[in-house]
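Colleague:
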């Protein structure tokens with residue numbers, strides 16, 4: 003970015019036009035995605051009456067990120083990341099229009115066009131996520147990158163709170179036309195990214211021609227970097243074991259003796275805590291002892307999980323979930339900052355693709371693990387065991403990754419500002 007000294011540079015990411023354009027594009031895209039998820043679920047169930055169809059919809063959207071992980075990161079490192087994002091947003095617009103037309107007729111029983119459109123959407127997201135994550139460090143100076151992480155995460159959490167509610171509300175009023183609105187939001191995101199201008203030197207460097215070596219370079223880099231490996235794997239196992247929200251419907255009914263309204267409020271509680279914390283971090287980011295803070299926050303997440311699984315009070319459960327969302331936001335903030343700042347620019351796409359795969363897989367497998375252990379022991383004990391498991395992982399990772407625990411500050415970050 004600018005050649006000015008860190009002292010002379012603005013300390014807010016919003017002071018940089020490329021980042022502003024990216025951030026508002028991200029808001030539009032996340033809103034569209036969250037609205038689409040809710041509307042698609044309702045529409046497919048209205049048309050088919052099949053719960054199994056809903057499961058396959060989720061699988062169709064997630065599977066491309068697994069199958070294409072070796073390719074998506076390579077593309078983000080080899081080509082202009084802005085163009086990659088634009089192509090993906092174009093595919094997302096097409097997917098929304100196909101979904102709109104596929105579910106137009108209330109009497110239709112053919113769901114394959116809907117599965118096709120969701121697969122297109124999942125494929126586009128698989129390429130877009132590593133390109134977007136690795137583009138952000140090119141938009142602002144490294145010194146204020148952690149603040150950008152906080153603002154990006156706040157955008158995600160805010161849109162994740164508003165998007166599902168807005169999608170359900172609009173579906174109730176305008177039905178399948180909500181997919182046309184999602185396409186319009188993706189179009190706005192497309193235009194905003196199109197206007198991002200960067201100096202030529204910030205474009206990804208050309209990488210070697212495609213080979214097994216370059217495709218697996220992201221995995222090899224992560225394995226050889228204890229700080230990056232420790233940060234990603236700590237998050238993976240913490241989410242895998244501590245993913246308690248998947249059991250909310252069961253706990254709300256059987257343990258908290260609450261109805262669907264309270265269950266919905268509890269579902270939103272972690273996002274509320276995360277959003278508030280993200281806004282705080284955007285102004286007052288963690289600057290010192292970041293490794294130690296990371297471990298403390300993941301441990302606090304485990305303690306919150308145990309409280310959530312052991313209480314019979316919906317109010318206590320809600321407070322625990324808010325705290326869990328808050329400390330999870332701090333850990334995400336630190337992990338993303340460390341991973342991006344410790345990774346060379348020509349590797350960020352491949353590393354981001356692997357990181358995104360691990361995070362997505364841990365969420366999906368975490369829900370499966372929660373369901374399986376709840377079937378064995380009951381929902382409350384399953385959540386408690388998951389929280390204890392998270393604490394065990396924290397203790398073990400403190401021993402296995404001392405370099406991560408001893409990290410004092412982010413590379414190139416400002417001490418003040």
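Residue numbers (our numbering): 3 to 419. Quick reminder that beta carbons are idealized off the backbone N, C-alpha and C, glycines included.
From this set, 233, 12, 384, 28, which residue's C-alpha is nearest residue 188's C-alpha?
Modeller: Start at 1 with the first residue of the chain shown, and residue 188 comes out as number 186. When each option's Cα is compared against that of residue 188, the closest is 28.
Colleague: Would you say residue 275 and residue 324 are within 8 angstroms of each other, going by their C-beta atoms?
Modeller: Taking the chain shown and counting its residues from 1, the one referred to as residue 275 is at position 273. Taking the chain shown and counting its residues from 1, the one referred to as residue 324 is at position 322. Contact: yes.
Colleague: Roughly how many whole angstroms lie between the Cα atoms of residue 205 and residue 264?
Modeller: Mapped onto the chain shown, residue 205 falls at position 203. Mapped onto the chain shown, residue 264 falls at position 262. Only weak support exists for where residue 205 lies, its pLDDT of 48 falling under 50; the coordinates are left without a value.
Colleague: Decide if residue 124 is buried, meaning its Cβ has at least 16 other Cβ atoms within 10 Å, or exposed.
Modeller: In the chain shown, counting from the first residue as 1, residue 124 sits at position 122. The residue in question, residue 124, is buried, as its Cβ has 16 or more Cβ neighbours within 10 Å.
Colleague: Mind checking whether residue 147 and residue 234 have CB atoms under 8 angstroms apart?
Modeller: On the chain shown, residue 147 is found 145 positions in, with the first residue counted as 1. On the chain shown, residue 234 is found 232 positions in, with the first residue counted as 1. The answer is no: Cβ separation not under 8 angstroms.
Colleague: Which residues in the same chain as residue 221 place their Cβ atom closer than 7 angstroms to its Cβ, once the five residues preceding and following it in sequence are excluded?
Modeller: One-based indexing of the chain shown puts residue 221 at position 219. The answer, listed in chain order, is 356.
Colleague: Should residue 37 be counted as a contact of the ligand FAD given a C-beta to heavy atom distance under 7 angstroms?
Modeller: Because no ligand of any kind appears in the structure shown, any question about the ligand FAD cannot be addressed here.
Colleague: What separation, rounded to the nearest whole angstrom, lies between the Cα atoms of residue 140 and residue 390?
Modeller: In the chain shown, counting from the first residue as 1, residue 140 sits at position 138. In the chain shown, counting from the first residue as 1, residue 390 sits at position 388. If I take the Cα positions, the gap works out to 39 angstroms.
Colleague: Residue 98 to residue 61, Cα distance in whole Å?
Modeller: Numbered from its first residue, the chain shown carries residue 98 at position 96. Numbered from its first residue, the chain shown carries residue 61 at position 59. So the alpha carbons of these two residues sit roughly 18 angstroms apart.
Colleague: Would you be able to state if there are at least three C-beta pairs under 8 angstroms between the region 328-346 and the region 296-303?
Modeller: Output reads yes: the region 328-346 touches the region 296-303.
Colleague: Which of the three DSSP states is assigned to residue 261 in this structure?
Modeller: Sequence index remark: in the chain shown, residue 261 carries index 259 (1-based). Residue 261 falls in the coil class under three-state DSSP.
Colleague: With burial defined as no fewer than 16 other Cβ atoms inside 10 Å of the residue's Cβ, what is the status of residue 171: buried or exposed?
Modeller: Numbered from 1 along the chain shown, position 169 holds the residue referred to as residue 171. Its Cβ having fewer than 16 others within 10 Å, residue 171 is exposed.
Colleague: So, residue 87 versus residue 195, is the Cβ gap smaller than 8 angstroms?
Modeller: Start at 1 with the first residue of the chain shown, and residue 87 comes out as number 85. Start at 1 with the first residue of the chain shown, and residue 195 comes out as number 193. Yes, the pair counts as a contact, with Cβ atoms nearer than the cut-off.
Colleague: Residues in its own chain within less than 6 angstroms of residue 26 by CB, not counting five upstream and five downstream?
Modeller: As a position in the chain shown, residue 26 is number 24, starting the count at 1. So the list reads 194, once near-sequence residues are dropped.
Colleague: Hey, quick one: how far does the alpha helix (DSSP H) through residue 136 stretch, first residue to last?
Modeller: On the chain shown, position 134 is the one that residue 136 refers to. It spans 114-141 - the alpha helix (DSSP H) in which residue 136 sits, taken as one unbroken run.
Colleague: Taking C-alpha atoms, which residue in 317, 354, 63 lies nearest to residue 117?
Modeller: On the chain shown, residue 117 is found 115 positions in, with the first residue counted as 1. Of the candidates 317, 354, 63, the one whose C-alpha sits nearest the C-alpha of residue 117 is 63.
Colleague: Report yes if the CB atom of residue 253 is closer than 8 angstroms to the CB atom of residue 169, and no otherwise.
Modeller: The count along the chain shown starts at 1 and reaches residue 253 at position 251. The count along the chain shown starts at 1 and reaches residue 169 at position 167. Contact flag unset, no.
Colleague: Rounded to whole angstroms, what's the CA-CA distance from residue 199 to residue 20? Just pull it up for me.
Modeller: Residue numbering aside, residue 199 sits at position 197 when the chain shown is read from its first letter. Residue numbering aside, residue 20 sits at position 18 when the chain shown is read from its first letter. Spanning the two alpha carbons is a distance of roughly 6 angstroms.
Colleague: So, helix, strand or coil for residue 82, using DSSP?
Modeller: Your numbering for residue 82 matches position 80 in the chain shown. Coil at residue 82, not helix or strand.
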